[in-house]
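Protein chains in written order, with our numbering: chain D, 935 to 1238; chain X, 49 to 304. Using N, Cα and C, we set each Cβ at its ideal position, and we do this for glycine too. Because the structure is a prediction, the values reported are computed rather than measured. A short write-up of the structure that comes next.
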């Protein structure tokens, strides 16, 4: 069944979109990631214009993270105070990100920027995750418990604040900075930034793992919501029709993914996720490195 | 001198009557295309007859050329080059106006139906349909950019040249079908029908096909342009509602 998307102005198969939403939903349910970093490149592959894919994906992440955060609120695993601090940084970052996005769009380099961001970040995260989970598997075999450093340079910074749910007493500077970085990425890449936020919270801020996902989801809702609004009002690139189709697939897929994920071991899951991230990264990198079949591209005239 | 002027006058009169001797009566299977949610391209049947008061003149046979053009848009065409090991957009050329869609159908091989001068005068063939190019001096071979627009859009089915695709019976009745792809832009699509004889245009008929988004598509598109904030808030509301709905539904399922 072909469906005409009013903003993207292309006709696509509705079942392909539902299927993509479902597939990414399964993965996000299994691995506990938003799935935006997989969905956006997949949307490029099926011919959605990058600007529309990025803006619409932000809208879809609002839905999936809202669904997730409700579950975490019931379990009381959301640090609202930390979430708010991250959020302030996130909103600043999102505004900066949309500005950078619009500036590069006028230069005709937005495509390159989005793709480069993906290659770099997917590459780094994928490789780190792969090494980390291999190490974890090996340690498990040798039977040693992982040790985490409690104090580092971050604890020497000013403007300290008490985060009761996380059991932390640290400066607000690192969380705000993390928020800014994730906000910029969310705007440019159309991702929630969970795959960067979660490691940063655990390793940089030293937050307990059980509150990390809920807190990250909490602030992602607002950052991606804000990004959606900015894209909708400045670029007119949010396609509601596309978002709804992806949502329906994603929401159903996520529940199946959660069931599947419960049957696999955490380290095996992480290795699978790492491999998948590296595969997407490799495909995008090849596109940049190999000579394209068509050297010319048509864009709307500047200022639009 | 006076004799020459009289001769010129007679030739002009003859040309005028000749131009009116053969005219087009046109029919379209639809004079508007509605882009609805299920829109998957459209095929428009163009048919018509040649009305004439005198018998068919001797000489080369009458031929028909039909063009359907989409709204003109300014474009930026960019060329990729290898920089630092990766392929990057480098040179850019502004094309002042290119139709978003352009289809030509003829009743015979291109060279037989129209001469180059008439083509230039009426701007019929695809390269003449593109108004270009104020290329900056720094760009080498700017004509490649206009050619790239044509090549890319021909591959997308947006620009078509279908020679000998018009059925032309007895130099009187003609019909053809123009297929329009799914990725159409809104607007008025000027449609021109040329009657030619021996490569020269003897009659022109012009009409318009109206392409419009309708229903939900229309509503969403205009909302996103006229009330972008409201549209953005609506998108968010849908997302929040879907997220909450999914969470609530699965809590019920798990309990049940």
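Query	Result
Alpha-carbon to alpha-carbon, residue 1020 of chain D and residue 1148 of chain D	13 angstroms
CB contact check: residue 993 of chain D to chain C, cutoff 9 angstroms	The structure shown contains no chain C; the protein chains it does contain are D and X.
Where residue 1228 of chain D sits in the DSSP three-state scheme	coil
Residue nearest to residue 69 of chain X in terms of C-alpha spacing, selected from X:174, X:215 and X:104	X:104
Alpha-carbon to alpha-carbon, residue 1123 of chain D and residue 1054 of chain D	12 angstroms
CB contact below 9 angstroms: residue 1224 of chain D versus chain X	yes
Backbone CA spacing between residue 121 of chain X and residue 1000 of chain D [nearest angstrom]	40 angstroms
Other residues of its chain near residue 109 of chain X: CB distance less than 8 angstroms, five sequence neighbours each side excluded	219 and 245
The stretch 132–151 of chain X in contact with the stretch 1220–1227 of chain D per 3-pair CB rule at 8 angstroms	yes
Length of the line joining the Cα atoms of residue 90 of chain X and residue 962 of chain D	39 angstroms
Contact with chain X by residue 1236 of chain D, beta-carbon distance below 9 angstroms	Residue placement at residue 1236 of chain D is poorly supported in this model, since its pLDDT is 45, which falls under 50; the coordinates are not used for a value here.
Integer Cβ distance of residue 1011 of chain D from residue 1145 of chain D, believed to fall under 8 angstroms	5 angstroms
Candidates D:1131, D:1101 and D:1098, of which the one nearest residue 1108 of chain D by Cα	D:1131
9 angstroms Cβ cutoff met for residue 1307 of chain D and residue 1154 of chain D	In the structure displayed, chain D extends from 935 to 1238; residue 1307 of chain D sits before or after that span and is not available.
Residue 308 of chain X vs residue 241 of chain X beta-carbon contact at 9 angstroms	Lying before the first or after the last residue shown, residue 308 of chain X is absent from chain X, which here runs from 49 to 304.
With 16 other Cβ atoms within 10 Å as the buried cut-off, status of residue 65 of chain X	Only weak support exists for where residue 65 of chain X lies, its pLDDT of 49 falling under 50; the value from the coordinates is given anyway. Under this definition residue 65 of chain X is an exposed residue.
contact_flag[the stretch 1199–1211 of chain D, the stretch 975–982 of chain D] where n(CB pairs < 8 angstroms) is 3 or more	no
Contact list for residue 150 of chain X against chain D, beta-carbon separation under 9 angstroms	Chain D residues near residue 150 of chain X: none, gap ~14 angstroms exceeds 9 angstroms.
Complete runs of the alpha helix (DSSP H) confined to the stretch 951–1028 of chain D [at least 4 residues]	970–979 and 984–1008
Residue closest to residue 299 of chain X, alpha-carbon to alpha-carbon, out of D:1005, D:1099, D:986 and D:1016	D:1005
Per-residue DSSP class, three states only, for residue 1238 of chain D	Low local confidence applies: a pLDDT of 34 at residue 1238 of chain D is under 50, so the model's placement there is unreliable, with the coordinate-based value given in what follows. Reduced to three states, the DSSP call for residue 1238 of chain D is coil.
Any 3 or more C-beta pairs closer than 8 angstroms across the stretch 162–171 of chain X and the stretch 211–231 of chain X	no
Residues near residue 124 of chain X in its chain [Cβ-Cβ closer than 7 angstroms; skip 5 each side]	140 and 142
Backbone secondary structure at residue 75 of chain X - three-state DSSP	strand
The stretch 1170–1177 of chain D contacting the stretch 270–277 of chain X, beta-carbon criterion three pairs below 8 angstroms	yes
Nearest-angstrom Cα separation, counted from residue 213 of chain X out to residue 276 of chain X	44 angstroms
Test: residue 1188 of chain D CB closer than 9 angstroms to a CB of chain X	yes
Minimum Cβ-Cβ distance from residue 1167 of chain D to chain X less than 9 angstroms	yes
Proximal residues of chain X, C-beta to C-beta of residue 945 of chain D below 8 angstroms	87, 88, 89, 230 and 231
Proximal residues to residue 1002 of chain D (C-beta, below 6 angstroms), its chain only, five neighbours per side dropped	1151
Beta carbon proximity, residue 103 of chain X to chain D, threshold 9 angstroms	no
Residue-level contact to chain X via CB, residue 1058 of chain D, 9 angstroms cutoff	no
In chain order, each beta strand (DSSP E) run of at least 3 residues that lies wholly inside the stretch 223–268 of chain X	235–245 and 248–261
Classification of residue 964 of chain D by the beta-carbon crowding that lies within 10 angstroms, buried from 16 upward	buried
Cut-off 6 angstroms between Cβ atoms - residues of its own chain near residue 1070 of chain D, not counting five sequence neighbours on either side	1201
Three-state secondary structure (DSSP) of residue 936 of chain D	strand
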